[in-house]
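Asker: This is the structure I want to talk about, given as structure tokens.
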Amino acid sequence: MNNLRQERDKIAKQSLLGLVDGFYQQLEDQTIPTLVLPTRTKNNIEYNDESEVWVYGDKESARSAKTVKGARQILKMSYTAELLIKEHLENNRGSTLRELYYISENWDIAKFNEQPESDRMIEDLEIVTSMQREDFHMRPEEDGATVFGDLRLKETTKRGERIIHCRNDVGEGGYQIPFSVDNVEFLDHDAKFIIAIETGGMYARLIENGFDEEHNAILVHLKGQPARSTRRTLKRLNEELNLPVVVFTDGDPWSYRIFASVAYGAIKSAHMSEYMATPAARFIGVQPSDIVEYDLSTDKLTDQDIKALRSELSDPRFDSEYWKTQIKLQLDIGKKAEQQAFAGKGLDFVTQRYLPERLTEMGIM
Amino acid sequence: MAAPIAEELAKKQRAISIAEFFEKNRQILGFDSGPRSLLTAVKEAVDNALDACEEASILPDILVSIEDAGGDNVTLIVEDNGPGIVKEQIPKTFAKLLYGSRFYAIKQSRGQQGIGISAAVLYSQLTTGKPARIISKIDRDKPAHFYKLVINTSTNEPEILEEKEVEWDRPRGTRIEMEMKAAYIKGRRQSVVEYLKSTSIVNTHARLTLVEPDGNSIVFDRVTDSLPEPAQEILPHPEGIELGTLIKMLRYTDRQKLAPFLRYSFSKIGLHTAEEICKAAHLDPDSDPHNITLEEAKKLISAFKKVKIMAPPTDCLSPITESLIYKGLEKEYSVDFIATVTRAASVHSGHPFLVEAGIAYGGTLGKEDRVAILRFANRVPLMYQQGGCAITHAVENIRWKNYSINQPGGGLPTGPAVIVVHVASTHIPFTSESKDAVADVPEIMNEIELALKDAARKLKIYLSKQVNLSKRREKEEIIKKLLPRIAEKVSQVVEKPTPDITPIVAKIMGNLLVYRIISKNGDGYLVDILIKNYSSANMTINLHDTHQYPIRDADPEPKVISLGKDTDYIWKLDVRSSSNLTIRYHLPFVSEDEANSLPSLIVEGVDEALVNGARAVRGYVD
Numbered sequence: 000m001n002n003l004r005q006e007r008d009k010i011a012k013q014s015l016l017g018l019v020d021g022f023y024q025q026l027e028d029q030t031i032p033t034l035v036l037p038t039r040t041k042n043n044i045e046y047n048d049e050s051e052v053w054v055y056g057d058k059e060s061a062r063s064a065k066t067v068k069g070a071r072q073i074l075k076m077s078y079t080a081e082l083l084i085k086e087h088l089e090n091n092r093g094s095t096l097r098e099l100y101y102i103s104e105n106w107d108i109a110k111f112n113e114q115p116e117s118d119r120m121i122e123d124l125e126i127v128t129s130m131q132r133e134d135f136h137m138r139p140e141e142d143g144a145t146v147f148g149d150l151r152l153k154e155t156t157k158r159g160e161r162i163i164h165c166r167n168d169v170g171e172g173g174y175q176i177p178f179s180v181d182n183v184e185f186l187d188h189d190a191k192f193i194i195a196i197e198t199g200g201m202y203a204r205l206i207e208n209g210f211d212e213e214h215n216a217i218l219v220h221l222k223g224q225p226a227r228s229t230r231r232t233l234k235r236l237n238e239e240l241n242l243p244v245v246v247f248t249d250g251d252p253w254s255y256r257i258f259a260s261v262a263y264g265a266i267k268s269a270h271m272s273e274y275m276a277t278p279a280a281r282f283i284g285v286q287p288s289d290i291v292e293y294d295l296s297t298d299k300l301t302d303q304d305i306k307a308l309r310s311e312l313s314d315p316r317f318d319s320e321y322w323k324t325q326i327k328l329q330l331d332i333g334k335k336a337e338q339q340a341f342a343g344k345g346l347d348f349v350t351q352r353y354l355p356e357r358l359t360e361m362g363i364m
Numbered sequence: 000m001a002a003p004i005a006e007e008l009a010k011k012q013r014a015i016s017i018a019e020f021f022e023k024n025r026q027i028l029g030f031d032s033g034p035r036s037l038l039t040a041v042k043e044a045v046d047n048a049l050d051a052c053e054e055a056s057i058l059p060d061i062l063v064s065i066e067d068a069g070g071d072n073v074t075l076i077v078e079d080n081g082p083g084i085v086k087e088q089i090p091k092t093f094a095k096l097l098y099g100s101r102f103y104a105i106k107q108s109r110g111q112q113g114i115g116i117s118a119a120v121l122y123s124q125l126t127t128g129k130p131a132r133i134i135s136k137i138d139r140d141k142p143a144h145f146y147k148l149v150i151n152t153s154t155n156e157p158e159i160l161e162e163k164e165v166e167w168d169r170p171r172g173t174r175i176e177m178e179m180k181a182a183y184i185k186g187r188r189q190s191v192v193e194y195l196k197s198t199s200i201v202n203t204h205a206r207l208t209l210v211e212p213d214g215n216s217i218v219f220d221r222v223t224d225s226l227p228e229p230a231q232e233i234l235p236h237p238e239g240i241e242l243g244t245l246i247k248m249l250r251y252t253d254r255q256k257l258a259p260f261l262r263y264s265f266s267k268i269g270l271h272t273a274e275e276i277c278k279a280a281h282l283d284p285d286s287d288p289h290n291i292t293l294e295e296a297k298k299l300i301s302a303f304k305k306v307k308i309m310a311p312p313t314d315c316l317s318p319i320t321e322s323l324i325y326k327g328l329e330k331e332y333s334v335d336f337i338a339t340v341t342r343a344a345s346v347h348s349g350h351p352f353l354v355e356a357g358i359a360y361g362g363t364l365g366k367e368d369r370v371a372i373l374r375f376a377n378r379v380p381l382m383y384q385q386g387g388c389a390i391t392h393a394v395e396n397i398r399w400k401n402y403s404i405n406q407p408g409g410g411l412p413t414g415p416a417v418i419v420v421h422v423a424s425t426h427i428p429f430t431s432e433s434k435d436a437v438a439d440v441p442e443i444m445n446e447i448e449l450a451l452k453d454a455a456r457k458l459k460i461y462l463s464k465q466v467n468l469s470k471r472r473e474k475e476e477i478i479k480k481l482l483p484r485i486a487e488k489v490s491q492v493v494e495k496p497t498p499d500i501t502p503i504v505a506k507i508m509g510n511l512l513v514y515r516i517i518s519k520n521g522d523g524y525l526v527d528i529l530i531k532n533y534s535s536a537n538m539t540i541n542l543h544d545t546h547q548y549p550i551r552d553a554d555p556e557p558k559v560i561s562l563g564k565d566t567d568y569i570w571k572l573d574v575r576s577s578s579n580l581t582i583r584y585h586l587p588f589v590s591e592d593e594a595n596s597l598p599s600l601i602v603e604g605v606d607e608a609l610v611n612g613a614r615a616v617r618g619y620v621d
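Same order as they appear, the protein sequences are chains L and H. In terms of numbering that gives the first Met the number 0, the first sequence opens at residue 0 and continues consecutively. In terms of numbering that gives the first Met the number 0, the second sequence opens at residue 0 and continues consecutively.
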């Protein structure tokens with residue numbers, strides 16, 4: 000195990016111990032154990048000018064052992080912290096969120112009643128310690144996405160360090176991002192920008208057409224709504240390698256939300272925004288204006304789509320001239336298009352024409 | 000010359016029999032809709048059966064069976080184990096309106112007018128053309144008699160279609176079978192099932208069995224084997240008597256002199272009172288009652304009001320009693336709490352009456368539902384016209400919010416409760432002949448309200464105890480289960496000794512915390528006694544620290560009482576709400592073991608439940 004990882008485990012352990020010791024001190028000082036958390040509701044989310052992402056505001060709520068509910072939460076938190084300290088961090092083990100829920104079966108009155116409760120407890124611990132669940136070796140259930148391109152990196156694994164080139168050392172699928180992105184160190188690269196792609200079809204098309212080599216691009220497959228590790232990877236690639244990030248999705252309201260979670264952060268995990276959001280990320284398409292301009296084959300907007308678009312018009316994250324124009328246009332034409340719609344113009348249309356034109360327009364190429 | 004028109008008209012005029020009258024006006028007796036007709040017929044038959052059994056001191060066992068008779072018709076069979084009816088009386092009892100034994104008796108009973116069951120027979124024959132079939136048997140060794148009867152409506156006399164002796168497996172009892180146009184329904188308050196359920200709640204000595212048209216049978220079983228105290232027959236009370244009734248009594252009496260007439264025709268008139276009444280009416284006590292004129296009768300009536308006459312006797316009433324209403328509710332509802340009240344007897348226009356009430360609360364009853372009101376008059380459930388009834392009006396008059404029950408819009412209350420009100424009287428003032436609702440007589444309304452308030456007060460005490468208990472239980476869960484586990488787990492994680500959580504327990508409970516901190520000080524030890532009052536009340540206590548060691552430099556100084564080997568050091572302290580006090584003294588020349596094994600402190604003057612960290616004893620602190 001390398002020093003970097005040991006160091007982070009130590010910090011994680013210290014912050015969890017600090018939390019539990021806080022309760023201990025309260026007991027020693029004869030005060031009723033109390034836990035203070037930011038209020039996790041929509042009206043306690045605010046835009047941080049400095050980091051350009053949405054974070055929790057300063058509204059706080061306290062849970063005290065004066066009530067049964069509060070006492071239970073503190074007890075469960077103590078049990079969870081013990082598991083993370085003694086099993087995960089001291090023994091270098093890990094569990095998934097689902098496993099945590101099952102592990103708590105043995106905790107008697109401290110056990111969780113349902114998985115959302117244990118998931119929330121991990122989020123609470125992230126918030127009070129200002130750390131990430133990956134730091135506690137808490138694995139998500141979903142896979143990380145994949146990366147393809149001229150990038151060499153070093154991954155610290157259980158079986159030692161591995162140096163991997165994300166094009167030469169991997170298959171057509173690409174390099175799979177591990178759940179703990181901070182075990183990865185970027186060594187060198189020959190890239191000018193990063194293109195994050197929503198669908199597998201388009202990711203494969205770009206690889207097949209050699210788009211990465213021709214244009215010095217690193218391709219990242221988002222696999223729909225991106226996992227935390229994928230968003231963290233994009234942020235690190237953007238910041239550490241100083242590479243611009245563009246997001247290529249379908250042309251529908253749900254895809255715009257994928258873009259927003261990459262660029263601005265998600266409301267549900269606002270405490271992680273500064274860690275995971277890439278405010279510099281830009282939307283490349285499919286834009287509603289592309290539907291008109293390239294006369295793409297389309298589907299009709301459903302009632303759900305229209306509702307989602309309207310709600311985006313009042314979402315502070317989409318409060319810009321660009322998005323307002325695009326969303327209004329889409330509502331006007333009543334149509335949506337998939338990334339694959341470009342195939343109607345020929346298999347190479349997207350790599351030969353659409354992307355080069357858009358990237359030039361955006362000043363990236 | 001034509002005859003005067005009046006003579007022509009006179010030819011058309013003739014007397015109508017009571018049976019003809021009800022033939023045309025059957026809704027007056029409760030035979031309007033299909034479901035209601037069945038319910039009324041069941042009610043009349045069951046009331047008769049219950050009355051007959053009680054009069055004969057027999058525990059009632061009544062079967063009500065309803066069969067589908069095709070079309071819109073059902074067959075109703077009601078069978079009892081009562082005393083039976085002698086052969087000669089069977090036809091008139093069932094097939095002559097206004098025939099009965101109870102009309103002239105002044106006592107509490109279910110039926111009074113002698114209309115009920117013959118009205119059901121009349122309705123049955125009107126709607127199906129079929130006769131009623133009756134079997135009755137008065138003794139194990141006597142034959143059972145079977146009759147097929149109809150009422151001749153123009154004469155109001157029974158017509159016997161068939162009459163014979165039959166075998167009947169019952170030792171005794173009466174069975175009536177009628178086919179009628181009616182409908183069997185379920186699932187609402189005004190149904191046969193609900194009627195029998197209600198009947199069973201206030202007739203806990205009866206077993207009622209219902210066989211539904213689909214063959215399903217429901218038993219409402221008895222919870223007591225003792226019959227209700229039989230109601231005694233009484234003479235009319237002078238207070239409520241009307242002029243016409245008085246004149247009738249005077250004309251038909253066997254007495255030859257006025258004073259004995261008064262004495263023996265009315266209740267609560269003795270020798271002395273009779274003479275006083277005569278004097279007040281300026282009448283000769285020896286005058287012949289048959290010769291009393293209208294004017295003199297009026298004088299008697301006003302004399303009744305001038306002379307003080309005792310209230311009528313109440314042994315003519317048969318209350319259900321608090322314990323049997325309780326048991327009746329308990330067997331039919333699954334609830335958490337029941338309060339019942341039986342008021343003392345009272346009088347309305349000369350008629351004795353009494354009110355009983357019960358409130359059943361919680362359990363499986365709906366929290367958001369209107370409170371169900373079960374109304375009873377002389378143990379008979381009232382099923383219709385709830386809105387027009389004195390019982391409902393009395394319920395609405397009460398401010399239920401004062402008793403922790405919601406009353407949205409000020410009308411009927413809502414919540415998980417059932418209210419039972421029973422009015423028992425020798426004369427129930429109904430609002431109509433179908434006996435559905437009690438009239439708003441002020442004396443009765445007042446008694447109902449008092450009974451309900453009394454029961455509601457008991458409920459409120461129960462509810463407020465529940466609130467305190469649940470708060471206490473919540474705190475106990477924290478203190479007994481959660482807090483010790485938090486302390487244990489947290490200490491394990493940080494690998495430090497488990498802290499003493501007594502002070503936090505005191506804080507959460509809102510108690511008085513008393514504890515000793517002992518620290519090394521030169522050759523001896525320093526003792527600090529900390530007293531914290533976490534409650535919202537100011538407390539005055541005596542604090543006793545009793546041990547065998549001399550103390551020095553105490554601040555403040557205690558009162559010292561020698562107890563032989565030990566010494567009791569006593570501090571009288573005023574500890575204001577949310578404040579702290581500290582007592583400090585030095586304990587020289589003791590070992591570490593001795594210092595750490597001082598006996599526990601004793602607090603005098605505070606309830607044990609309010610003290611943590613020390614022993615509490617009762618005592619007076621002056």
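Glycine residues also receive a C-beta, built at the ideal position from the N, C-alpha and C atoms.
Is there a Cβ from chain H that is less than 8 Å from the Cβ of residue 117 of chain L?
Answerer: no
Asker: In or out: residue 375 of chain H buried (at least 16 other Cβ within 10 Å) or exposed?
Answerer: Taking every protein chain shown into account, the CB of residue 375 of chain H has 16 or more other CB atoms within 10 angstroms, so this residue is buried.
Asker: At which residue ranges does the segment 309-384 of chain H contain complete alpha helix (DSSP H) runs of 4 or more residues, listed in the order of the chain?
Answerer: 321-331
Asker: Would you list the residues sitting across from residue 177 of chain H in a DSSP beta bridge?
Answerer: H:75
Asker: CA-CA distance, residue 612 of chain H and residue 56 of chain L?
Answerer: 43 Å
Asker: Cα-Cα, which of L:178, L:216, L:145, L:346 is closest to residue 240 of chain L?
Answerer: L:216
Asker: With three or more beta-carbon pairs closer than 8 Å as the criterion, would you say the segment 600-612 of chain H touches the segment 531-549 of chain H?
Answerer: yes
Asker: Return the residue from the list H:386, H:388, H:412, H:389 that minimises the CA-CA distance to residue 398 of chain H.
Answerer: Looking at the Cα atoms, H:412 is the closest of the given residues.
Asker: In the DSSP assignment, find the unbroken beta strand (DSSP E) run with residue 284 of chain L in it and report its ends.
Answerer: 281-284
Asker: Might you give, ordered along the chain, the residues of its own chain that have their beta carbon closer than 8 Å to the beta carbon of residue 113 of chain L, omitting 5 neighbours on each side?
Answerer: 100
Asker: Got a sec: which bits of the segment 493-523 of chain H sit with their beta carbon under 8 Å from any beta carbon on chain L, in order along the chain?
Answerer: 493, 495, 498, 500, 502, 503, 506, 507
Asker: Let me check one thing: in DSSP terms, what residues is residue 64 of chain H bridge-paired to?
Answerer: H:76, H:210
Asker: What span of residues does the alpha helix (DSSP H) with residue 513 of chain H cover, start to end?
Answerer: Going by DSSP, residue 513 of chain H is part of no alpha helix (DSSP H) but of the beta strand (DSSP E) stretching over 511-520.
Asker: Residue 22 of chain L touches chain H at which residues, Cβ-Cβ below 8 Å?
Answerer: 485, 489
Asker: From this set, H:88, H:228, H:237, H:570, which residue's C-alpha is nearest residue 306 of chain H's C-alpha?
Answerer: Of all alpha-carbon atoms in H:88, H:228, H:237, H:570, the one lying nearest the alpha-carbon of residue 306 of chain H is that of H:237.
Asker: Quick check for students: name the residue ranges of the alpha helix (DSSP H) that lie wholly in the segment 181-212 of chain L, counting only runs of 4 or more.
Answerer: Complete alpha helix (DSSP H) runs here, min 4: 199-207.
Asker: At a cut of 8 Å, does the segment 380-397 of chain H reach the segment 442-455 of chain H through at least three beta carbon pairs?
Answerer: yes
Asker: Pick out the complete alpha helix (DSSP H) segments inside the segment 211-268 of chain L, 4 residues or longer, and give them in chain order.
Answerer: 227-239, 252-262
Asker: Is it true that the CB of residue 61 of chain H sits closer than 8 Å to the CB of residue 79 of chain H?
Answerer: yes
Asker: With a CB to CB cut of under 7 Å and the five nearest residues on each side skipped, what residues in its chain are close to residue 82 of chain L?
Answerer: 102
Asker: Could you tell me which chain L residues have their CB closer than 8 Å to the CB of residue 480 of chain H, listed as they occur along the chain?
Answerer: 108
Asker: Can you tell me whether residue 365 of chain H is buried or exposed, with buried defined as 16 or more other CB within 10 angstroms of its CB?
Answerer: exposed
Asker: Please confirm whether residue 36 of chain L has its beta-carbon closer than 8 Å to some beta-carbon of chain H.
Answerer: no
Asker: Confirm, please, whether the CB-CB distance from residue 134 of chain H to residue 93 of chain H is below 8 Å.
Answerer: no
Asker: Using a Cβ-Cβ cut-off of 7 Å (strictly less than) and excluding sequence neighbours within five positions of residue 255 of chain H, which residues of its own chain qualify?
Answerer: 287
Asker: Between residue 373 of chain L and residue 54 of chain L, how many whole angstroms is the CB-CB distance? I'm expecting something under 8 Å.
Answerer: Outside the modelled stretch of chain L, which goes from 0 to 364, sits residue 373 of chain L, for which no answer is possible.
Asker: Could you check the C-alpha separation between residue 362 of chain L and residue 22 of chain L for me, to the nearest Å?
Answerer: 54 Å
Asker: Cβ of residue 475 of chain H less than 8 Å from any chain L Cβ?
Answerer: no
Asker: Rounding to the nearest angstrom, what Cα-Cα distance links residue 219 of chain L and residue 261 of chain L in this structure?
Answerer: 12 Å
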